[in-house]
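For reference, the structure is listed below as C-alpha cells.
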Amino acid sequence: MINLKKLIPILLLPVVSVHAQKIKSMEFNSQKITDILIALGEESGRSIIPDETVEGTASFFFAESDAEEILENFLNSNGLYCEEKKGILYVSKVFCSVKDSLVSLKCSSCSIEKIVEILSGKTGMTILHDRMADEKISIDVRDFTIEQILDILTAKLPDCSVIKKDGWFYLKKETNRETANLNRSIKKNNGLFSINVDSIIIQEAVKLLFSIEGKEYSCLSQANDKIENLYFTDKTFEESLNLILEKAALDYTVKNNIYYIIEQSRKNTQQRFKEIQVVPLKHISVQQAVSLLPPELSSPQVFKGDPDSGNIILTGTNEENKAVIEFIEKIDAEENSILSRKHYLKHTEAKNLLSLLSQETAAKCRLIEDENALLITATPAAVNEIINVINTLDEKKSAVPVTLRYLKSEELLKKLPPSIRKDTVCDSLFPNLIFFKGSKENLEMFKKELELIDRPVPQLKYKLLVVQYTDGTARSSGTSLSFSKNGSKNSFSYEGELSNIMSLSFNIISAFGFQAAANLNEKIASNTASIFTDTVLTALSGEEVRFQNTDTYRYIEYEYGTTAGGSTTSGITQQITSGLIVNLKGWTSGDDMITMNINATVSKQNSDSSAKTAIPSTSERVVNTQVRTPSGKPVVISGLIKEDETLQETRTPVLGRIPLINRFFTHKNMTKEKTEIVIYIIPHLIKDGNEKIPDCREIYKMTMEKA
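According to our numbering, the sequence shown is numbered sequentially starting from 1.
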C-alpha cells in the first residue's frame, strides 16, 4: 500500500478499530482521484481497487465522520461507482448491471473503448472492435439489450458499424468510405497541397499525405487522436506535414530520405536523429548573434556559440538546424557587422556627456576617463549616428551672465526651473549673479521662467493694538457723539470728544467705526480701559516678527548653611520677566488673503510672597491661534481674562497699632477686579512699497450709510 501521508496535506487520527472507523478530518487539494481512494482505503482499513476509467484530480474536505460515510460522499461527488466483492471495493467510473439479458449502463465523460470493454466483461459477451478515436461520451440507459447499447455508443462514430455474429459482436471501421472522403479532401496540384478537412484521425491524414507525395515514413508515435479544422491551400509537402503534425504535438525528422514521425516530448527518440553543424559568422560577432536570435530558436539544447572561433554550433534535427541557419544567413550581413571606434571630446567631460545620452545610446559607449574619450561599439551606421549626437553636445559654449534682481544665486541653484539642467548654470562670487551655458533657445526659456520666480517676497505690515479692560471700578459716562448732514454732498461734520484715541497710530475709526471709537474713548476716560501697546510691525511674508514689552526684576535668593567655622550665607540671583509678548508669523496668498500664526503672552508679577526672601509668583495669560483674513481687515483676539482680589486696610492712628485692641480700630475693604486683555491686529499687504491710506470722507460716507 502506498503511503500518501507525505504527499497529501491531510490531518488524520489513528484508526481505533476496523469496525468503529472514525476519522477526525481529511483534506485533499487538487490531488489525483486514485491517490485519494488509496488514502481513504488506508485510513479506513478497507481494500479499494480503482479501474482504468478512474482518472483526473479532485479537492475534498470533510469533518469528523465514519469512514463508510466519507467514502460514499466522495464517490457520489465525483461520479464514481463502487462494488464490493469478497471484502474488496472495486471503484469505476462506469456502472453496469445485467438482469434477464437486459443491461443498465451509466457513466459520465468516459471513452467509448473503455465502456465497450467493461460492457463485455459484465455481460460475458465477446465484443471485438477496431481502434476507435479517443472520444468521450456520457450515457444513462436502463434495461436495454447489448445490441441497442452498442448502437448508441457507435452513433457518435459515423465511420463505425455494429456487426452481429453468433454469440459475439464486431465494431468495424468503414475505412473505404473514410479513404474516399480523404482523397477528396487532400489534393495535390503543381507540387502544392491543399487540404480541406473538418475532422480526421491523425494517422490517416499522415498516411494519405505521404501516399500522395510518394515518400517513405515511419511513425514512432502511438497517438491516434482526431484532429479538426484543417483548411489551407498551395503549401509544400513539408509545410503541409508540419501543419498536420502540430495539431497533435508531433514533429518529424529526416534521415536517409525516410521521414520519422516522433513526439515532441520524446527526447530519447529525437536524440538519434540529431546532427552537429558548425555555422561560421562572417560579419557579426557571436554575442550579437546570440542577442538577436529569437527565443524559439535559441534553445540551449540546439544552439551554442563559440566566441573564440566565431562559430555557431548547432546540435539539433535537420529541421531545427535548418530554421536557425536560415535566420543566421539573414542577420549575418555586412551592414550588421559590429565595430569599435574611439571618439575624443574637445569641450565637454566624457563623464558628463555620457549622462546626457539616452539609455540605449549610452549602453553602446564605454568611458575612457584618462583620455577624455568614449569607446563606441555598434554597427557602422549606428556608430556614425552616435558620433553626430556627441558632436552636437560637445560644442564650445560661452557663458552668459544673468543678473538676479531679488533672488540669491544660492537660492536659485537649489530650486532651478524644470527646463534647466544644473550643469548649464554656474555660481559666481556675487550673490546676485550667475552664468548660463547653453543654447540661445534655452537661454530665452530660462529668462522667461526667471521672470516668474525672480520677484520680491511680499511684505506684511501688522498694526497692533492691545487694550486692557477693567470691570469693577466706578465709571462715569460724559462723552457724547452725534452726526448731522449738511446741504453739501461732500461735506460733513460731527460733534464729540475722541481726544483719548486720536493720538493712537491704530485707526480705530476706520477699523471699527465711530461708535466703537467713542466707546473706547469713554472707557479710557473713565479708567476702565488702558492701552498696553500701540505699534506697527513690518516683516516679510513667511517670516516671524516679535514684539516684547516686559519688565525684568532681579532677586537674590539666599541660602544658609553651617560649617565647622560657623554659619555661611550665599546668594543666587534670580530674575522674573513680566509684561506683553506677541509673536506674529503671516504669509499671503495670490488673492491677498493673509494667514497668521499668533502667539500672545501676558504675564504679571504678583505681590503674594509670604516671606521676604521668597521670589514673588507670576500669572500668565497665553493664546495661540491661526487665523485668515483679507488684507486690511481687522482680527480681534479676546478672552484673556483674570480676576484679582485687592485687600485695603485702614487703621486709626496710634490705637490701630496697639496689640489686642488694634482690631477694633482697623477697617478692611476687599475688592474684586476683573481684567481682560483684548488684542486688535490689522494685517496689510504692502504692494510696491505703497499703501493706500483711507480717505476720511470715504470713512464718513460708509458710516452714514450704515447709520
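In this text, a Cβ means the ideal position worked out from N, Cα and C, and glycines have one as well. These numbers were taken from a predicted model, which means no experiment stands behind them.
Own chain residues within Cβ distance below 6 Å of residue 552, not counting five before or after: Taking the first residue of the sequence shown as position 1, residue 552 is located at position 552. Once the five neighbours on either side are set aside, the close Cβ partners of residue 552 are 575, 577.
What span of residues does the alpha helix (DSSP H) with residue 387 cover, start to end? Numbered from its first residue, the sequence shown carries residue 387 at position 387. Start and end: 380-393.
List the whole-angstrom C-beta distance separating residue 683 from residue 462, where the pair is believed to meet the contact cut-off of C-beta under 8 Å. Taking the sequence shown and counting its residues from 1, one reaches residue 683 at position 683. Taking the sequence shown and counting its residues from 1, one reaches residue 462 at position 462. Approximately 5 Å separates the beta-carbon atoms of residue 683 and residue 462; this is inside 8 Å, confirming the contact.
How would you label residue 232, buried or exposed, when you count the other beta carbons within 10 angstroms and need 16 or more for buried? The residue given as residue 232 occupies position 232 in the sequence shown. The Cβ neighbour count for residue 232, taken over all protein chains shown within 10 Å, is under 16; the residue is labelled exposed.
Beta-carbon contacts of residue 610 that lie in its chain and below 7 Å, excluding the five residues immediately before and after: Locating residue 610 in the sequence shown gives position 610, counting from the first residue. Unreliable positioning characterises residue 610 in this predicted model, as indicated by a pLDDT of 47, which lies under 50. A coordinate reading is not provided.
Assign residue 687 to one of three DSSP states: helix, strand, or coil. On the sequence shown, residue 687 is found 687 positions in, with the first residue counted as 1. Strand, per DSSP.
How would you label residue 591, buried or exposed, when you count the other beta carbons within 10 angstroms and need 16 or more for buried? For the purposes of this step, residue 591 is identified with residue 591 of the sequence shown, where counting begins at 1. Around the CB of residue 591, fewer than 16 other CB atoms lie within 10 Å, so the residue is classed as exposed.
Whole alpha helix (DSSP H) runs in the segment 422-461 with 4 or more residues, listed along the chain? Listed in chain order, they are 440-453.
Per DSSP, which residues does residue 644 bridge with? Please list them. Counting from 1 along the sequence shown, the entry for residue 644 is found at position 644. Residue pairing by DSSP puts residue 644 in a beta bridge opposite 673.
Below 8 Å on the Cβ atoms is my guess for residue 356 versus residue 366; work out the distance and round it to an integer in Å. Locating residue 356 in the sequence shown gives position 356, where the first residue counts as 1. Locating residue 366 in the sequence shown gives position 366, where the first residue counts as 1. Actually they are not in contact, since the Cβ atoms of residue 356 and residue 366 sit about 16 Å apart, beyond 8 Å.
Between residue 512 and residue 631, what straight-line distance do the alpha-carbon atoms span, to the nearest angstrom? Here residue 512 refers to the residue found at position 512 when the sequence shown is read from its first residue. Here residue 631 refers to the residue found at position 631 when the sequence shown is read from its first residue. Between residue 512 and residue 631, the C-alpha separation is close to 15 Å.
Three-state secondary structure (DSSP) at residue 302? Residue numbering aside, residue 302 sits at position 302 when the sequence shown is read from its first letter. It is coil, neither helix nor strand.
8 Å CB neighbourhood of residue 206 in its chain, flanking five on each side removed: Residue numbering aside, residue 206 sits at position 206 when the sequence shown is read from its first letter. Answer for residue 206: 217, 219, 241, 244, 245, 261, listed in chain order.
Same chain, Cβ closer than 6 Å to residue 687, neighbours up to 5 away in sequence not counted: Taking the sequence shown and counting its residues from 1, the one referred to as residue 687 is at position 687. Closer than 6 Å at the Cβ level, and outside the excluded window around residue 687, lies no residue.
Please report the distance separating the alpha-carbon of residue 252 from that of residue 263. The count along the sequence shown starts at 1 and reaches residue 252 at position 252. The count along the sequence shown starts at 1 and reaches residue 263 at position 263. In a straight line, the C-alpha of residue 252 is about 8 Å away from that of residue 263.
Secondary structure of residue 373, DSSP reduced to three states: Taking the sequence shown and counting its residues from 1, the one referred to as residue 373 is at position 373. In the structure shown, residue 373 sits in a strand (DSSP, three-state: E or B).
DSSP state of residue 209, grouped into three classes? Within the sequence shown, residue 209 is the residue found at index 209, counting from 1. Here residue 209 carries a helix assignment [DSSP, helix/strand/coil].
Give the single residue among 105, 109, 633, 452 whose Cα lies nearest to the Cα of residue 509. One-based indexing of the sequence shown puts residue 509 at position 509. With distances taken between Cα atoms, residue 509 lies closest to 633.
Proximity to residue 428 [Cα-Cα], best of 415, 573, 384, 404: By one-based count along the sequence shown, residue 428 stands at place 428. Closest in C-alpha terms to residue 428, from the list 415, 573, 384, 404, comes 404.
According to the Cβ coordinates, are residue 171 and residue 230 closer than 9 Å? For the purposes of this step, residue 171 is taken as the residue at position 171 of the sequence shown. For the purposes of this step, residue 230 is taken as the residue at position 230 of the sequence shown. No; because the gap between Cβ atoms is not below 9 Å, this pair is not in contact.
Could you tell me whether the Cβ atoms of residue 437 and residue 424 are closer together than 9 Å? Working through the sequence shown from its first residue, we reach residue 437 at position 437. Working through the sequence shown from its first residue, we reach residue 424 at position 424. For residue 437 and residue 424, yes; Cβs fall inside 9 Å.
Measure from the alpha carbon of residue 338 to the alpha carbon of each residue in 353, 318, 291, 369, then state which is nearest. By 1-based counting over the sequence shown, the position of residue 338 is 338. The candidate whose alpha carbon is nearest that of residue 338 is 291.
Which residues bound the beta strand (DSSP E) around residue 128? As a position in the sequence shown, residue 128 is number 128, starting the count at 1. Run containing residue 128: 126-129, per the beta strand (DSSP E) assignment.
In this structure, what does DSSP give as the bridge partners for residue 194? As a first step, residue 194 must be located in the sequence shown, where it is residue number 194. Note: residue 194 sits in a beta bridge opposite 187.
Alpha carbon to alpha carbon, what distance is there between residue 652 and residue 668? Here residue 668 is taken as the residue at index 668 of the sequence shown, counted from 1. Here residue 652 is taken as the residue at index 652 of the sequence shown, counted from 1. Going by the C-alpha atoms only, they are around 12 Å apart.
By DSSP, does residue 114 sit in helix, in strand, or in coil? As a working mapping, residue 114 is identified with position 114 in the sequence shown. Helix at residue 114.
Status (buried if at least 16 other CB within 10 Å, exposed otherwise) for residue 92: Position 92 of the sequence shown holds residue 92. Residue 92 is buried by the Cβ-count criterion.
Name the residue from 285, 277, 293 whose alpha carbon lies nearest to the alpha carbon of residue 317. The sequence position of residue 317 within the sequence shown is 317, counting from 1. Answer by Cα proximity: 277.
Report the rounded CA-to-CA distance for residue 595 versus residue 464, giving the unit in angstroms. Counted from its first residue, the sequence shown places residue 595 at position 595. Counted from its first residue, the sequence shown places residue 464 at position 464. The C-alpha of residue 595 lies about 16 Å from the C-alpha of residue 464.
Between which two residues does the beta strand (DSSP E) holding residue 57 run? The sequence position of residue 57 within the sequence shown is 57, counting from 1. In the DSSP assignment, residue 57 falls within the beta strand (DSSP E) that extends over 57-62.
With DSSP collapsed to three states, give me the class of residue 479. Position 479 of the sequence shown, counted from the first residue, corresponds to residue 479. Confidence at residue 479 is low in this model, with a pLDDT of 38, below 50, so its placement is unreliable and the value that follows should be read with caution. DSSP places residue 479 outside both helix and strand once states are collapsed to three, so it counts as coil.
Please report the distance separating the alpha-carbon of residue 557 from that of residue 570. To locate residue 557, count along the sequence shown from 1; it is residue 557. To locate residue 570, count along the sequence shown from 1; it is residue 570. Looking at the two C-alpha atoms, the distance is approximately 8 Å.
Within 10 angstroms of the Cβ of residue 359, are there 16 or more other Cβ atoms? Answer buried if so, exposed if not. On the sequence shown, residue 359 is found 359 positions in, with the first residue counted as 1. Residue 359 is exposed by the Cβ-count criterion.
To the nearest whole angstrom, what separates the beta carbons of residue 60 and residue 38, a pair I think is in contact under 8 Å? As a position in the sequence shown, residue 60 is number 60, starting the count at 1. As a position in the sequence shown, residue 38 is number 38, starting the count at 1. With a Cβ gap of about 13 Å, residue 60 and residue 38 do not count as contacting.
Any idea what DSSP makes of residue 361, helix, strand or coil? Here residue 361 refers to the residue found at position 361 when the sequence shown is read from its first residue. In the three-state reduction of the DSSP assignment, residue 361 falls in the helix class, which pools H, G and I.
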